[in-house]
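Structure record follows, encoded as structure tokens.
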Amino acid sequence: MTDFIEIDFIEAGDRSSGDAIAIRHQCNGIDYVHVVDGGYAADGQKLVDHIREHYHPQYYINHLVLTHSDLDHASGLETVLRNMRVANLWMNRPWRHVDALMGLFERYQDRERLTARLKRDFEKVATLERLATAQGTQIMDVFQGARIGAFTVLSPSPLTYLTLVAQSEKTPATASVLDALQALIVETVSPADWGEENLKGDTDGTSPDNETSVVQFADVCGTKALLTGDAGVRSLTEAYQAASQMGIVTSPLNWFQVPHHGSRRNLSPAVLDAWLGPRLPGRLASSTFDAIVSANASDPEYPKNAVVRALIHRGRRVFQPKGKLHMRSNGAPDRGWSNAQPLEYPSTQEN
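For the sequence shown, this note's numbering assigns the number 720 to the initial residue and increments by one for each residue that follows.
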């Protein structure tokens, strides 16, 4: 029996985008189900229904991964935990590292007070912890070097995670100055020639919460896949360096999940060059290497033209879920779905 891997990106959200990903890997005739994030509250049932319809109605989830605590990734996992048996839940809980964190919060020098504060600030993670514990699901930290089925975690390291938790906009309970300023910026677009890019990951950057995202890599059935959550330049750089140190050959990536729904604050030319290769002198007539943007088709903000351009510059076909997007290796079942159409190359990009 042929081994295979298939990844389904479920269109999450209504107008705002989220991440909800189902993965099935068959090895020696045995199926393994791996779910990454659950989108918003209404998206959890979509994941449950998808697994039962397209994988098997009696399947349980071997590995459930929360990349980070944002609501567009975590909310739907409540429904998943309530409606399916889950063997292992992988997520980082800052209160498990309260002793290390106390030195970073001058106002909190009492373990119980800081633990209670962190559980309030990361309320959705605390809820998932209670649900999983009640159902007997094993909960594990998800740091660099962890093996989750076919996937290896490349980022974050424990030190990076704890540093970012201390910088999180959740912990001081106020919006970051950067996010407040970004909300006031009205982006305009202008014509751009081939090869021009205006990414912001090196200058503006993304939030500390996004940078805590779990970055996972798999090389299975002749297919190399990188799942990024909302990771930014810092996390993606750390992940690339970790792969090199572990001796993991990541190139060429067959499937690259574009971080944070196609935000240009999460990427830089250098990061894309490292993971995908340098810009090409012109557009390829055809390609077998794909980039997937988990952006809702009705989202007016994502993906950014500058990001789509940068991916195509590096020989990627760029796909966006329209309901669902099915990526499969050789040997995976053909559901008879029509072929998805890649996004067109934008002739303009954001200033």
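Ideal placement from N, C-alpha and C gives every residue a C-beta, glycine not left out.
From a predicted model like this one, the values you see are computed outputs, not experimental measurements.
Between Thr969 and Gly951, which are expected to be in contact by the criterion C-beta below 8 angstroms, what is the C-beta distance as a whole number of angstroms? 18 angstroms between Cβ atoms; not a contact.
DSSP on Ala1051, reduced to helix/strand/coil? coil
Would you mind listing the alpha helix (DSSP H) stretches within the segment 738–813 that are 4+ residues and don't spill past its ends, in chain order? For the segment 738–813, whole alpha helix (DSSP H) runs of length 4 or above, ordered along the chain, are 763–769, 790–793 and 796–802.
From Gly941 to Arg1036, what distance separates their C-alpha atoms? 19 angstroms
Rounded to the nearest angstrom, how far is the Cβ of Glu930 from that of Leu881, given a contact under 8 angstroms? 12 angstroms between Cβ atoms; not a contact.
Measuring alpha carbon to alpha carbon, tell me which residue in Gln976, Asn807 and Glu842 is nearest Met859. Among Gln976, Asn807 and Glu842, the Cα nearest to that of Met859 belongs to Asn807.
Between Asp712 and the rest of its own chain, which residues show a CB-CB distance below 8 angstroms, the 5 nearest in sequence each way excluded? What the structure shows of the chain is the stretch from 720 to 1070, and residue 712 is not part of that stretch, so it cannot be assessed.
With a threshold of 16 other CB atoms inside 10 Å of the CB of Gly757, please say whether the residue is buried or exposed. buried
Over what stretch of residues does the beta strand (DSSP E) that includes Pro927 continue unbroken? Segment Pro927 to Glu930 is the alpha helix (DSSP H) holding Pro927; no beta strand (DSSP E) there.
Which first and last residues belong to the alpha helix (DSSP H) in which Ile967 is found? It is not in any alpha helix (DSSP H) - Ile967 carries neither H nor E in the DSSP assignment.
Exposed or buried, what is Asn1058 when buried is set at 16 or more other beta-carbons lying within 10 Å of its beta-carbon? exposed
Return the CA-CA distance between Ser788 and Glu848, expressed in angstroms with no decimal places. 12 angstroms
Name, in chain order, the residues that DSSP records as bridge partners for Lys1041. Residue pairing by DSSP places Lys1041 opposite Lys1043 in a beta bridge.
Limits of the unbroken beta strand (DSSP E) element including Gln1068: Its beta strand (DSSP E) spans residues Thr1067 to Glu1069.
So which of Glu915, His782, His773 and Ala885 has the shortest CA-CA distance to Gly822? Gly822 has its Cα closest to that of Ala885, out of Glu915, His782, His773 and Ala885.
Since I believe Val933 is in contact with Leu955 (beta carbons under 8 angstroms), could you give me their beta-carbon distance rounded to a whole number of angstroms? Their Cβ separation, rounded to whole angstroms, is 12 angstroms, which puts Leu955 and Val933 out of contact at 8 angstroms.
Extent of the continuous alpha helix (DSSP H) to which Ala851 belongs: Glu842 to Ala853
Three or more C-beta pairs closer than 8 angstroms, one from the segment 1026–1035 and one from the segment 996–1006: is that the case here? yes
Buried versus exposed call for Pro1022 [16 or more other C-beta atoms within 10 Å across all chains shown]: buried
Same chain only: Cβ atoms within 7 angstroms of Thr721, ignoring 5 sequence neighbours per side: Gly1050
Rounded Cβ spacing between Val752 and Ile740 (contact assumed at less than 8 angstroms): Their Cβ separation, rounded to whole angstroms, is 11 angstroms, which puts Val752 and Ile740 out of contact at 8 angstroms.
Whole angstroms is fine: what's the gap from Lys1043's alpha carbon to Ser909's? 31 angstroms
Suppose you measure from the CA of Leu999 to the CA of Leu800; what does that come to, to the nearest Å? 44 angstroms
Put Glu1063 into one of helix, strand or coil per three-state DSSP. In the structure shown, Glu1063 sits in coil (DSSP, three-state: anything other than H, G, I, E or B).
If I'm right that Ala1071 touches His744 with Cβ under 8 angstroms, what's the distance once you round it to whole angstroms? Because the chain here runs from 720 to 1070, residue 1071 falls outside it and cannot be looked at.
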